[in-house]
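One structure is given here, and the rest of the page talks about it.
Residue numbers (our numbering), protein chains in the order written: chain A, 4 to 361; chain B, 70 to 536.
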């Protein structure tokens with residue numbers, strides 16, 4: 004490894020870090036509504052303080068001014084306790100430091116299912132559910148795109164190929180939209196026709212089955228419709244894009260030359276088409292995987308899936324800033340780490356990347 | 070130029086998918102123009118937000134009327150009989166003599182549908198000084214049978230919700246049971262008991278048949294005062310309404326289906342065109358000036374690429390509850406430095422080296438002139454397809470925000486209908502028309518743009534020769 008590569012990677016890493024920090028700060032600012040969320044929190048503290056003092060029988064003898072004084076003093080102590088006596092701009096940098104060091108703190112209003120207020124626990128509780136649903140779906144989609152794309156690019160102009168081109172516009176409708184139709188048919192209509200149907204939404208039957216196997220089966224049953232909705236929505240465009248991509252690469256001169264040399268088709272596929280197209284495909288794949296961890300807010304809402312997307316939605320509805328910031332921070336870190344890892348891999352492996360150039 | 074445009078259109082029309090797409094877009098544009106002229110926006114918003122009081126004569130969750138074409142059993146329309154109008158089937162007489170007023174109101178209608186009404190309400194308005202009229206309401210079936218519904222004293226503004234009168238329901242069930250000598254086991258509603266043929270079929274849930282013919286509601290009343298007045302409005306709510314049906318608040322869904330069209334079209338087109346143009350301009354500036362400008366723009370773009378778009382948009386719009394046009398501005402602002410900037414920059418870096426740009430520079434053209442007149446027009450055709458394609462995305466973005474409850478709080482849009490339908494369990498209750506109509510409009514809109522976009526892609530970016 005040359006020192007040029009190391010220098011390049013250091014520069015990239017530093018840039019990425021600065022980018023992530025600025026993005027996180029912007030998120031903190033937006034999630035706090037430029038300090039407005041402070042006012043909400045402060046007024047809530049004030050109300051609870053004044054209520055507890057007014058209802059406290061020990062202070063019944065005091066007159067109004069004394070009570071007001073007591074309330075204001077207690078309020079000031081409470082505010083200081085959580086550090087809200089400092090201006091928002093000052094605190095925003097403390098938040099930034101906490102966010103960067105991944106000490107995500109405690110949620111303002113939300114709880115985890117286990118009853119914890121720790122943002123880390125809340126997020127870690129939701130993450131597996133989203134990974135289970137969307138990472139699975141994205142993997143299936145990726146491989147469908149890869150295999151059918153490759154398959155169709157070899158049968159360019161055939162009926163199936165033309166069909167895939169014709170169906171590609173269907174992917175302009177998003178997954179959640181197909182989800183509504185799937186619920187309509189497989190949950191609602193099936194129930195009225197056959198008496199049984201797939202679940203309308205949720206992740207597991209209520210009450211959840213005790214048995215582990217039954218639990219897994221129940222989750223699987225609830226996954227069918229959301230997974231299907233994304234497969235229906237995005238398979239066509241995935242196949243279309245990959246097919247076109249492979250077609251462009253298979254009309255390169257060196258592929259023609261390999262064909263002219265009489266190399267077997269399978270060898271051409273592997274060595275002359277798949278290998279040079281691998282870097283962009285891997286980039287695509289890893290970025291989609293990272294993206295899938297954010298969940299899909301709308302799909303999760305349509306299917307009532309209790310994952311990261313739903314968490315984000317409910318947190319933004321009640322301005323639970325620490326949760327919102329925590330989610331974006333984790334996403335930004337994951338994204339930056341992935342991009343950086345890819346940079347390292349390509350810098351080492353791909354001789355065409357002119358290190359130190361653009 | 071003209072010849073080029075002509076050949077372009079010839080090429081475009083060669084593709085069937087583009088033809089279909091263009092046809093649908095033309096229909097949608099026509100519908101939008103009609104909507105904007107026929108039902109001004111402010112009026113539409115007012116109607117949509119008027120609340121249930123305004124829509125009181127409409128049935129709740131009624132299907133569109135055209136479903137009757139496909140059904141062998143005709144669903145009822147709503148029947149409104151009002152003594153304040155000049156309807157032929159309405160009779161009203163108030164005779165005042167000797168400090169006594171006698172009232173008789175007869176409201177008759179011909180019921181010839183195959184299904185029972187959804188609700189029956191009677192709205193009474195009376196004018197008197199000190200003696201409120203005491204009235205008795207009779208229901209006369211086509212076979213001449215008379216049923217007393219209720220006797221009571223009318224206040225100035227009285228609403229008798231006949232179909233939700235529980236004691237009447239109990240009485241009617243007993244009455245019918247006694248007649249047939251068998252008890253009705255299930256919870257037969259008032260609407261059924263008043264309109265059914267009283268035979269064995271009424272005993273089985275869902276098997277009762279409608280007694281068709283001339284029904285009459287008679288109000289007999291007396292008040293111990295001269296010169297009083299009483300007006301009655303009988304509403305027999307049907308199960309179909311208008312061409313689009315109604316929602317849970319009895320609103321005419323047609324308003325939102327119609328107004329959804331111009332809103333969706335303008336939101337989608339304005340968003341995609343302006344975002345593409347702005348990103349292109351930023352990309353061109355970045356590629357042309359290079360140096361500090363370029364570095365700054367690149368860094369800003371990277372920051373926006375790290376920020377997740379939809380979550381940030383949700384955070385902002387939860388807080389401010391924008392109307393739809395401000396929302397559009399926010400969307401544009403958030404995506405101005407999106408990933409597209411990088412693509413455009415790469416394109417412009419190549420174009421910059423073309424001889425004609427060099428020539429322009431040689432004759433002393435300024436930076437602004439070169440960027441706007443030489444760089445951007447060169448790229449414009451190649452980005453047309455993605456611009457048209459992204460219209461579909463933005464149409465759905467609006468719907469998605471509405472489904473999250475974050476859309477315009479006033480505007481009647483397709484997404485709003487879907488959201489209402491979802492939160493009111495339309496899919497559980499089988500009210501499919503409620504979800505399907507806006508969904509079909511959404512799908513038609515985005516599919517038409519997608520089909521056009523894919524064809525444009527083939528024409529402008531012929532990476533492959535496709536038959």
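Just so it is clear, CB atoms sit at the ideal spot from N, CA and C, and this is done for glycine as well. Only a predicted model underlies this, so the values are computations on that prediction, with no experimental measurement involved.
Straight-line Cα distance separating residue 292 of chain A from residue 299 of chain A: Sequence index remark: in the first chain, residue 299 of chain A carries index 296 (1-based). Sequence index remark: in the first chain, residue 292 of chain A carries index 289 (1-based). Approximately 12 Å, taken between the alpha carbons.
Alpha-carbon spacing of residue 452 of chain B relative to residue 382 of chain B, whole angstroms: Sequence index remark: in the second chain, residue 452 of chain B carries index 383 (1-based). Sequence index remark: in the second chain, residue 382 of chain B carries index 313 (1-based). Straight-line Cα distance between these residues: approximately 25 Å.
Residue 536 of chain B, buried or exposed, once every other Cβ within 10 Å from all chains shown has been counted against 16: As a working note, residue 536 of chain B is residue 467 in the second chain. Low per-residue confidence applies at residue 536 of chain B: pLDDT is 38, beneath 50, and the placement is therefore not dependable enough to give any value.
Distance CB(residue 285 of chain B)-CB(residue 209 of chain B) smaller than 7 Å: The count along the second chain starts at 1 and reaches residue 285 of chain B at position 216. The count along the second chain starts at 1 and reaches residue 209 of chain B at position 140. It is a contact, given that the beta carbons lie within the stated cut-off.
Rounded distance between the beta-carbons of residue 126 of chain A and residue 27 of chain A, thought under 8 Å: Counting from one through the first chain, the residue named residue 27 of chain A turns up at place 24. Counting from one through the first chain, the residue named residue 126 of chain A turns up at place 123. So it is not a contact: roughly 15 Å between Cβ atoms.
Residue environment, residue 68 of chain A, which counts as buried when at least 16 other CB atoms sit within 10 Å: Along the first chain, one-based indexing puts residue 68 of chain A at 65. Result: exposed.
Inter-residue CB distance, residue 134 of chain B and residue 309 of chain B (contact presumed, cutoff 8 Å): Along the second chain, read from residue 1 onward, the residue named residue 134 of chain B stands at position 65. Along the second chain, read from residue 1 onward, the residue named residue 309 of chain B stands at position 240. With 8 Å as the limit, residue 134 of chain B and residue 309 of chain B qualify as a contact, their Cβ atoms being about 5 Å apart.
Cβ-based contacts, 7 Å cut-off: residues of the region 377-409 of chain B near chain A: 377, 379, 380, 381, 383, 384, 385, 387, 388
Per-residue DSSP class, three states only, for residue 197 of chain A: What you label residue 197 of chain A is simply residue 194 of the first chain in a count that begins at 1. Residue 197 of chain A falls in the helix class under three-state DSSP.
Close beta carbons around residue 393 of chain B, own chain, < 8 Å, minus the five adjacent residues each side: Taking the second chain and counting its residues from 1, one reaches residue 393 of chain B at position 324. So the list reads 332, 336, 467, 476, 477, 480, 482, once near-sequence residues are dropped.
Where residue 274 of chain A meets chain B, residues with beta-carbon distance less than 7 Å: As a working mapping, residue 274 of chain A is identified with position 271 in the first chain. Within chain B, no residue comes near residue 274 of chain A; the closest Cβ sits about 23 Å away, beyond 7 Å.
Test item: CB-CB of residue 176 of chain B and residue 159 of chain B under 7 Å: If you number the second chain from 1, residue 176 of chain B lands on position 107. If you number the second chain from 1, residue 159 of chain B lands on position 90. Yes, Cβ-Cβ distance for residue 176 of chain B and residue 159 of chain B is below 7 Å.
Length of the line joining the Cα atoms of residue 197 of chain B and residue 46 of chain A: Walking along the second chain from the start, residue 197 of chain B turns up at place 128. Walking along the first chain from the start, residue 46 of chain A turns up at place 43. Rounded to whole angstroms, residue 197 of chain B to residue 46 of chain A spans 53 Å at the Cα level.
Whole beta strand (DSSP E) elements within the region 115-166 of chain B, 3-residue minimum: 148-151, 159-166
CB contact below 7 Å: residue 193 of chain A versus chain B: As a position in the first chain, residue 193 of chain A is number 190, starting the count at 1. Residue 193 of chain A does not count as touching chain B.
contact_flag[the region 492-506 of chain B, the region 414-428 of chain B] where n(CB pairs < 8 Å) is 3 or more: no
Proximity test, Cβ basis, 7 Å: residue 238 of chain A and chain B: Within the first chain, residue 238 of chain A is the residue found at index 235, counting from 1. No - not a single Cβ of chain B is within 7 Å of the one on residue 238 of chain A.
Simplified DSSP state of residue 217 of chain B, which is helix, strand or coil: Translated into the one-based positions of the second chain, residue 217 of chain B becomes position 148. Strand, per DSSP.
Distance CB(residue 518 of chain B)-CB(residue 461 of chain B) smaller than 7 Å: Residue numbering aside, residue 518 of chain B sits at position 449 when the second chain is read from its first letter. Residue numbering aside, residue 461 of chain B sits at position 392 when the second chain is read from its first letter. Their beta carbons are under 7 Å apart, which means residue 518 of chain B touches residue 461 of chain B by this criterion.
CB contact below 7 Å: residue 453 of chain B versus chain A: As a working note, residue 453 of chain B is residue 384 in the second chain. Cβ-Cβ to chain A under 7 Å: no for residue 453 of chain B.
Beta carbon proximity, residue 315 of chain A to chain B, threshold 7 Å: As a working mapping, residue 315 of chain A is identified with position 312 in the first chain. Answer yes: the Cβ-Cβ gap between residue 315 of chain A and chain B drops below 7 Å somewhere.
Inter-stretch contact at 8 Å, needing at least 3 Cβ pairs: the region 28-44 of chain A / the region 314-324 of chain A: yes
Distance between beta carbons of residue 207 of chain B and residue 193 of chain B, contact taken as under 8 Å: Against the second chain, residue 193 of chain B aligns to sequence position 124. Against the second chain, residue 207 of chain B aligns to sequence position 138. Contact flag wrong, Cβ pair sits at about 15 Å.
Distance, residue 242 of chain A Cα to residue 94 of chain B Cα: Translated into positions along the second chain, residue 94 of chain B becomes position 25. Translated into positions along the first chain, residue 242 of chain A becomes position 239. Going by the C-alpha atoms only, they are around 27 Å apart.
Residue(s) in a DSSP beta bridge with residue 208 of chain A: On the first chain, position 205 is the one that residue 208 of chain A refers to. Its beta-bridge partners do not exist; DSSP assigns none.
Below-7 Å beta-carbon distance, residue 33 of chain A vs any chain B residue: Here residue 33 of chain A is taken as the residue at index 30 of the first chain, counted from 1. Judged by the 7 Å Cβ criterion, residue 33 of chain A is in contact with chain B.
Whole runs of the alpha helix (DSSP H) within the region 136-187 of chain A, excluding any shorter than 4 residues: 139-157, 162-170, 178-185
Delimiting residues of the beta strand (DSSP E) encompassing residue 209 of chain B: For the purposes of this step, residue 209 of chain B is taken as residue 140 along the second chain, with counting starting at 1. Unbroken beta strand (DSSP E) run through residue 209 of chain B: 203-209.
Anticipated Cβ contact below 8 Å, residue 182 of chain A with residue 305 of chain A, distance rounded: Here residue 182 of chain A corresponds to residue number 179 of the first chain, with the count starting at 1. Here residue 305 of chain A corresponds to residue number 302 of the first chain, with the count starting at 1. The Cβ separation is near 5 Å, so the contact holds.
For residue 535 of chain B, three-class secondary structure by DSSP: By one-based count along the second chain, residue 535 of chain B stands at place 466. With a pLDDT of 47 at residue 535 of chain B, under the threshold of 50, the modelled position of that residue is not reliable, and no figure is offered here.
Chain B contacts made by the region 284-311 of chain A, where a contact means CB separation under 8 Å: 297, 300, 301, 304, 305
Residue 399 of chain A: first and last residue of the uninterrupted alpha helix (DSSP H) it sits in: Residue 399 of chain A is absent from the structure shown; chain A starts at 4 and stops at 361.
Residue 30 of chain A: contacting residues in chain B (beta-carbon distance under 8 Å): Here the question's residue 30 of chain A lines up with position 27 in the first chain. Here the neighbours are 376, 381.
Residue 202 of chain B and residue 169 of chain B closer than 7 Å at C-beta: Locating residue 202 of chain B in the second chain gives position 133, where the first residue counts as 1. Locating residue 169 of chain B in the second chain gives position 100, where the first residue counts as 1. Contact flag unset, no.
Residue 319 of chain B versus residue 125 of chain B: straight-line alpha-carbon distance, rounded: Translated into positions along the second chain, residue 319 of chain B becomes position 250. Translated into positions along the second chain, residue 125 of chain B becomes position 56. Going from the Cα of residue 319 of chain B to the Cα of residue 125 of chain B covers about 7 Å.
Residue 412 of chain B - containing alpha helix (DSSP H), residue span: The count along the second chain starts at 1 and reaches residue 412 of chain B at position 343. Its alpha helix (DSSP H) spans residues 409-420.
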